[in-house]
Amino acid sequence: MSSSDRVRPRAILACLAIAVAVLPACTARPLYGTDSATVSALAPEGRLAALRGRIAISESNTRTDQVVRNALLSRLNQGTRVSQPLYEVRLTVTGTETGLAIEAGGVLTSSLYRMNGSYQLVRLSDGQVIDTQRRNSTVPFDRTSQQFQSQRALLDARQQAADDLAAKLEIPIVRALQAAGR
């Protein structure tokens, strides 16, 4: 056994000991803290709590629009019914399915559901467009030879994409509301 073979395990143990001692100090803020820097802007104690129930979302024209609209309403207003809105989110959503894998008989076995969303955030008092953004979400799903199961998989993928898209749209909307002075 050479001398370098004896040093290597000691060096590894020394590095592990240092890592165990130092790494616990490398943390960010508490996940559920009450410090204003850690509280979500729309949380009950957040800076935008006064806007809960004051952010309207345009009416939907398709089921895909409706699913995203419902999720976004829930996220922005936290269950509070919209009355006397100060802002309106003008939302446009499209969803498409793309086949990835096809069996020898021409039957789809794997697909992607892609959902694209764009919005305009409008201050209703003066009609000024405060922000415009686009986001997208992609969800993979499998199809089977059973029609009901394949349709259910498509509906579940659409719901999952809608929830994800609403979460992605919420972030820039909240930032724009904060920048607008609320």
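For the sequence shown, the residue numbers in mature numbering (1 follows the signal peptide of the UniProt record, and there is no 0) are -27 to -1, 1 to 155. No residue lacks a Cβ here, since even glycine has one placed at the ideal position from N, Cα and C.
Across the set Ala152, Gln124, Ser56 and Asp38, the C-alpha of Gln124 shows the shortest separation from the C-alpha of Thr82. In summary, Ser110 is buried, with 16 or more beta-carbon neighbours lying within 10 Å of its beta-carbon over all protein chains present. For Ala152, the number of other beta carbons within 10 angstroms of its own is below 16, and it is reported as exposed. Below 8 angstroms, enough C-beta pairs join the region 128 to 138 and the region 31 to 46 to call them touching: three or more. The beta carbon of Arg27 is closer than 6 angstroms to those of Pro58 and Leu59 in its chain, skipping five residues each way along the sequence. DSSP places Gln106 in the strand class (E or B) of the three-state scheme. Assignment of beta-bridge partners to Asp115 by DSSP yields Ser83.
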